[in-house]
Structures are given as C-alpha cells and as structure tokens.
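A.B. asks: For the sequence shown, numbering that gives the first Met the number 0 assigns the number 0 to the initial residue and increments by one for each residue that follows. Where is the CB? At the ideal position from N, CA and C, for every residue including glycine. Owing to the predicted nature of the structure, the values given are computational and were not obtained by experimental measurement. Attaching a single structure in structure tokens format; questions to follow.
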Amino acid sequence: MVGFLFSLFLYVSLGPPGTFRIPARAKITMKRAVLRSGYPDLSGGCINRRITTRELRHYFATYHELGELERKEGYQDLGCDIEGDIFVDGKQFHFTEGAIDLLDTTWPDGKHHSLGRDHSDLDDVDRTGKVPR
Numbered sequence: 000m001v002g003f004l005f006s007l008f009l010y011v012s013l014g015p016p017g018t019f020r021i022p023a024r025a026k027i028t029m030k031r032a033v034l035r036s037g038y039p040d041l042s043g044g045c046i047n048r049r050i051t052t053r054e055l056r057h058y059f060a061t062y063h064e065l066g067e068l069e070r071k072e073g074y075q076d077l078g079c080d081i082e083g084d085i086f087v088d089g090k091q092f093h094f095t096e097g098a099i100d101l102l103d104t105t106w107p108d109g110k111h112h113s114l115g116r117d118h119s120d121l122d123d124v125d126r127t128g129k130v131p132r
C-alpha cells in the first residue's frame, strides 16, 4: 500500500512516465562507455557496456523524473558513463546514463533532469536485462 501511494504521489507531482519521450525525427549519437576515475572495473564490464538507440528511446519513454531524495537513495552509481546527444529541430540536448536505471539529461527543455525507472515496475525488462522487442 505504501509503495502504491508513493507511486501515486510521484505520478501526480512529477508527471507520468512518457513525459520525456524522444520524437521519431530525433537523431541520437552516443559515445563509448567511459569508466570514471576512482571506480574499479574489476570484470572489464565498462569497456563492453553498450546501449542501443532503441533501448535509450525506451528508457526516455518509460522513466519518470526523480526527486532529489529518490535519486540519492534509489540508484547505484556504477562509475561507468555512456554519454550522448539528442538533436531535434536544430537543438542539441545532452544525456548521461551512468547508473542502473538512471539518466541525467537536458532533454526536452535544456534544463537538468534526473530520470529513473520505478523499481517496482520490472515488467518492461526481461530476465537478461534487455528491453523486450
């Protein structure tokens, strides 16, 4: 019940998932994953880490904007960042995907937004962690 009320509060105060959907006409560029200084990459996972533009569009379409407390307490920073840009109608917006289920972005208005997936909603990702087709 508490989880439902918290989700309802987020929906009403921060807006529904999909508020940050990227239009089909947008061009998306991404750089290779980079391990930030001070973070161990014991398995070499950062070097091999990739997300597709399809996955990124799915994240923007389903994530909601996070409040400061929710961002600090609910997400694990991996120290492995994938950065990129979104180009729409002659404007450029930046994003960084650097933690599990978390995006920092300037899309859609040029202001900083932290977006994340509701941890109680795992239906859109299968057991391998991949976005379904």
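(1) Quickly, what does DSSP pair T104 with across the bridge? List them, please.
(2) Would you give the residue range spanned by the beta strand (DSSP E) that T28 belongs to?
(3) In the DSSP assignment, what are the bridge partners of I81?
(4) Return the Cβ separation of D80 and R24 in integer angstroms, given the expectation that the two are a contact with Cβ distance under 8 Å.
(5) Quick one: is E96 buried, meaning 16 or more other Cβ sit within 10 Å of its Cβ, or exposed?
C.D. replies: So, from the data block:
(1) F94, H112
(2) Note, T28: beta strand (DSSP E), 26-29.
(3) I81 pairs with E96.
(4) Between R24 and D80 the Cβ distance is about 26 Å, and since that is not below 8 Å, they are no contact.
(5) buried
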